[in-house]
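**Student:** Below is the structure I would like to discuss, written out as structure tokens.
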Amino acid sequence: MEKDCRLKGNHQANCIEENNSSDQLFYTCNSVAETGEATWYIDSAASNHMTYNKGAFQTLDESFKTNVKLGDNHIVKVEGKGSVAINTKKGTRIINDVMYIPNLRTNLFSVGQMMEKGYTLHFGGDSCTIYDNKDKTLKIAEVRMKEHRCFPIHLQYMGRTAMKAQEDQSWLWHRRLGHFNFQGLKILHQKKMMTDLPQIQAVEGACEACLQGKQHKKPFPSGTSWRAKAVLELIHTDVCGPMRTPSHEQNRYFILFIDDYSRMTWVYFMREKSEVFKVFKKFKNLVEKQSGRSIKVSEAIEEKNITTQNSTSSVKKGYRTSNYCQL
0 MEKDCRLKGN
10 HQANCIEENN
20 SSDQLFYTCN
30 SVAETGEATW
40 YIDSAASNHM
50 TYNKGAFQTL
60 DESFKTNVKL
70 GDNHIVKVEG
80 KGSVAINTKK
90 GTRIINDVMY
100 IPNLRTNLFS
110 VGQMMEKGYT
120 LHFGGDSCTI
130 YDNKDKTLKI
140 AEVRMKEHRC
150 FPIHLQYMGR
160 TAMKAQEDQS
170 WLWHRRLGHF
180 NFQGLKILHQ
190 KKMMTDLPQI
200 QAVEGACEAC
210 LQGKQHKKPF
220 PSGTSWRAKA
230 VLELIHTDVC
240 GPMRTPSHEQ
250 NRYFILFIDD
260 YSRMTWVYFM
270 REKSEVFKVF
280 KKFKNLVEKQ
290 SGRSIKVSEA
300 IEEKNITTQN
310 STSSVKKGYR
320 TSNYCQL
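Here numbering that gives the first Met the number 0 is used: the first residue of the sequence shown is 0, the next is one more, and so on.
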């Protein structure tokens, strides 16, 4: 805030010179009790946002050079301009075009620059309220006036992080030597059996490639699989669902019946999986009447696909689980 003392006759130092377009700073305060790198003061006489804290910048263009004239006509150098990221209750805000002045003693918010960016500042009572629009509906912050008639605001900076990629030498040499075990790598290093081999450190975790390479599948049966010699000797069945999109009749499941001998296939649609046994009885009556033969074995991928709480005893006699689900 601009503070003039007319009794001391220094009002002339706080006036803008005519035809001078250089940046100006007229902030004065009798007794600043609150100081710190995260404390900023709202200043209606500052032409730009200014800070002396280089660590507050997210981005900083140090090639930008200019001068700023203080209220006592003292000129300080601007050593860069960039953006500062702060945390607010409304999320992260980026303050652009902030000048970096190492010789400045106080961080300043320019009222004029904030208004140019579309913010509205309302001074009333003992506070300054900052809005993000002209309608004063989106409040960003409310700054209380302190005893020295200044408006300090405490900001929380967004920390700058830098990621550095570093290859673990132990894992690197493990892969280079064909996934050689780490104990063997330590022996090679201790006995100096390889040049440029670094010291192998203890590692955590497991090598995914080693785990995959050491896995093996169960052997396939040596004998030939049994095949049906007549229709209905073996029926393969499986249930599919629930489908994300139901049919026009609101069906979300379907069940397949495949005769092992003839490869004849029947498809039935269902609304609920609980209808499996009902559909199976319907299928059984149909094919047995058509062929004059009885179903000997019904083979399902999963036992729960064909048996339910009320039908287990009825189906279990001629039912078995497919070998495919046991691989």
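Just so you know, even glycine gets a beta-carbon here, dropped at the ideal spot from N, CA and C.
1. If you draw a straight line from the C-alpha of P151 to the C-alpha of A140, how long is it?
2. What does K80 pair with, by DSSP beta-bridge criteria?
3. Any idea if W225 is buried or exposed, counting beta-carbon neighbours within 10 angstroms, 16 or more meaning buried?
4. Can you tell which of N52, G54, I41, Y156 has the C-alpha that lies nearest to the C-alpha of T87?
5. Alpha carbon to alpha carbon, what distance is there between L69 and A44?
6. So, with DSSP's three-state summary, where would you put Y26?
7. V110 and T50 look like a contact to me (Cβ under 8 Å); what is the Cβ gap, rounded to whole Å?
8. Answer yes or no: do V75 and Y99 have a C-beta to C-beta separation smaller than 8 Å?
9. Return the chain-ordered ranges of every beta strand (DSSP E) run that is complete within the region 272-303 and spans a minimum of 3 residues.
10. Any idea what DSSP makes of R175, helix, strand or coil?
11. Below 8 Å CB to CB, which residues in the same chain sit around S293 once its five sequence neighbours on both sides are set aside?
12. Whose C-alpha, out of H247, M263, L255, E271, is nearest the C-alpha of P241?
13. Can you give the Cα-Cα distance for H147 and T65, rounded to whole angstroms?
14. With H, G and I counted as helix, E and B as strand and the rest as coil, what does DSSP make of I199?
15. For G212, collect the residues of the same chain with a Cβ closer than 8 Å to its Cβ; drop the 5 residues on either side in sequence, then sort them by chain order.
16. So, with DSSP's three-state summary, where would you put W170?
17. CA-CA distance, A201 and H215?
18. Any idea what DSSP makes of E141, helix, strand or coil?
19. Going by other Cβ atoms of all chains shown within 10 Å of its Cβ, with 16 needed for buried, is L184 buried or exposed?
20. Would you mind reading off the limits of the alpha helix (DSSP H) that contains F181?
21. Would you identify the three-state DSSP class for G123, choosing helix, strand or coil?
22. Taking all protein chains shown into account, do 16 or more other C-beta atoms lie within 10 angstroms of the C-beta of Q289, making it buried, or fewer, making it exposed?
23. Would a C-beta distance cut-off of 8 Å place T38 and N95 closer than the cut-off?
**Tutor:** For this structure:
1. 12 Å
2. D60, M98
3. exposed
4. Y156
5. 11 Å
6. Annotation note: pLDDT 49 at Y26 (below 50); position unreliable, coordinate value reported separately. Reduced to three states, the DSSP call for Y26 is coil.
7. Incorrect: roughly 16 Å between the Cβ atoms, too far for contact.
8. no
9. 296-299
10. helix
11. L231, E287
12. E271
13. 31 Å
14. coil
15. H178
16. helix
17. 28 Å
18. strand
19. buried
20. 181-189
21. strand
22. exposed
23. no
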